[in-house]
DNA sequence: GGGCATCATTGATCCCCGTCAAACGCGGGC
DNA sequence: GCCCGCGTTTGACGGGGATCAATGATGCCC
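Residue numbers (the numbering used here), protein chains in the order written: chain A, 7 to 216; chain B, 7 to 216.
Structure follows, in structure tokens:
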């Protein structure tokens, strides 16, 4: 656990910890500035500060239960910008994160609000998936979302493991794997490699996601 | 579907539609003002505008699938303040909503950000519940949350139906009912009436929610 | 206050997905 | 290139919660 000025950011230990430090060492696109330590600008906003841009790989935002069960609430993909929108545990995957910009004073909320609203909208859609959709629908919705966020191409890269996908969709890795196989057998997708899929029948997949 | 200036607010038909109109007619705590139609203050923030305070009952924020499956992403209880944090469908339950305040210009994001961050945090916790907890844990977590938000008293009011609870927890009404019965039989709670519960063994309930 | 529509509870059954287990194959290291 | 480890796939099985159905309770309306 590490703290940078006002924002409280909890990082997972070991290798991932150094990755963020590297990110801080990397030349930022814009000068980096921090809140004066202890400043209280927003009742809840004080916990949110820096902006980050994912260079490659994926950033996982997750929560844990006491017994280790994990729920990934969001992935941030390469090229996407995110803030520490809440006092959530962020797990940085690989070293592909760079400090993007850090607005000062009153501007921060103007910068952060769109990110927070975007995150909120996605979370609401994600809740619908977890609360009301079955395994096939969940995986289909996930693949459609990933495809859209990568430009809508046929070829989609999955910069995360099956376990991550399962923890994102509220499924086990076995179920994720079985659904992939069923979609492949139906000719809806192809699996050129473990980390990449090709969407063959885009309409079918879209319909499956409801 | 109805639109007030910039914010896009979808309401359910009939009785609940008139309820918001009544809320607008009711004397607001502060003068009410709107964005000029078509103004674009924030990329995403434009969809968010007014602040509301719940007077009684509960406000349900939900999304629907094409076949009617519903997922309630949040309840806003009496006394709580909320904004239209995203372009989500809001369903106003009863007439217990009043226009609270409507900040102007640059202040809006400063007002709205804390609400959005609060909503985001709750959504992330909710995702953990829906993705990784079983029926008993979900109901226990729901009751603990409701109790905390009502001041931590033994007596907790449930200003929503079993169907609403089910659609919030990703369960059927039958399962919700069965879990209530099991908790009652175990002596963890009492059910003085349909819409109110008494928490007898608070620690046990808390442990059940993990 | 009685009647009735609606909501909630309880029961019986089914099935989707989790669990446990084993085999497979990809990728990294030498 | 070969080996080994770990992530992934596939299989067998069981259980938790959904579904279908019927009964019971609540509160609304006249």
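Backbone N, C-alpha and C define an ideal beta-carbon position, used for all residues, glycine too.
Exercise. Looking at C-alpha atoms only, which residue of 166(B), 164(B), 192(B), 143(B) is the closest neighbour of residue 212(B)?
Worked result: 143(B)
Exercise. Among the residues of its own chain, which have a CB less than 6 Å from the CB of residue 182(A), if the five just before and after it don't count?
Worked result: 168, 171, 172
Exercise. Taking the alpha-carbon positions, what's the residue 136(B) to residue 119(B) distance?
Worked result: 25 Å
Exercise. How many Å lie between residue 54(A) and residue 71(B) at the Cα?
Worked result: Residue placement at residue 54(A) is flagged as unreliable, the pLDDT there being 46, under the threshold of 50; the coordinate-derived value follows with that caveat. Going from the Cα of residue 54(A) to the Cα of residue 71(B) covers about 33 Å.
Exercise. What do you reckon, are the CB atoms on residue 63(A) and residue 165(A) nearer than 8 Å?
Worked result: yes
For this session: Pick out whichever of 65(B), 185(B), 133(B) has its Cα sitting closest to the Cα of residue 84(B).
Result: 65(B)
For this session: Output, in chain order, the set of chain B residues within a Cβ distance shorter than 8 Å of residue 211(A).
Result: Here the premise fails: no neighbours, minimum Cβ distance about 15 Å.
Problem set entry | Neighbouring residues, chain B, relative to residue 79(A) (Cβ below 7 Å) | 130, 133
Exercise. Considering residue 206(A), what are the terminal residues of the alpha helix (DSSP H) in which it resides?
Worked result: Looking at the DSSP string, residue 206(A) is not in any alpha helix (DSSP H), and its letter there is neither H nor E.
For this session: Note down the Cα distance separating residue 78(B) from residue 90(B), rounded to an integer number of angstroms.
Result: 15 Å
For this session: Measure the Cβ-Cβ separation of residue 202(B) and residue 150(B) and say whether it is below 8 Å.
Result: no
Exercise. Which residue's Cα is closest to the Cα of residue 132(B): 80(A), 200(A), 163(A)?
Worked result: 80(A)
Problem set entry | Ranges of the alpha helix (DSSP H) found wholly within the region 144 to 209 of chain B, counting only runs of at least 4 | 168 to 175, 179 to 191
For this session: Within its chain, find whatever has a CB closer than 8 Å to the CB of residue 206(A); leave out the 5 residues flanking it on each side and keep chain order.
Result: 160, 193, 194, 195, 196
Exercise. Apart from the five residues just before and just after residue 61(A), which ones in its own chain have a Cβ nearer than 7 Å to its Cβ?
Worked result: 84, 102, 103, 104
Problem set entry | Inter-residue Cα distance where the pair is residue 210(A) and residue 128(A) | 23 Å
For this session: Establish whether the CB of residue 149(A) and some CB of chain B are separated by less than 8 Å.
Result: no
Exercise. Within 8 Å (strictly less), CB to CB, does residue 115(A) reach chain B?
Worked result: yes
Exercise. In terms of alpha-carbon separation, which member of 75(A), 69(A), 59(A) lies closest to residue 178(A)?
Worked result: 75(A)
Exercise. Which class does residue 83(B) belong to by DSSP, given the choice of helix, strand or coil?
Worked result: strand
For this session: Given a cut-off of 8 Å, decide if residue 148(B) and residue 121(B) are closer than it, judged by their beta-carbon atoms.
Result: no
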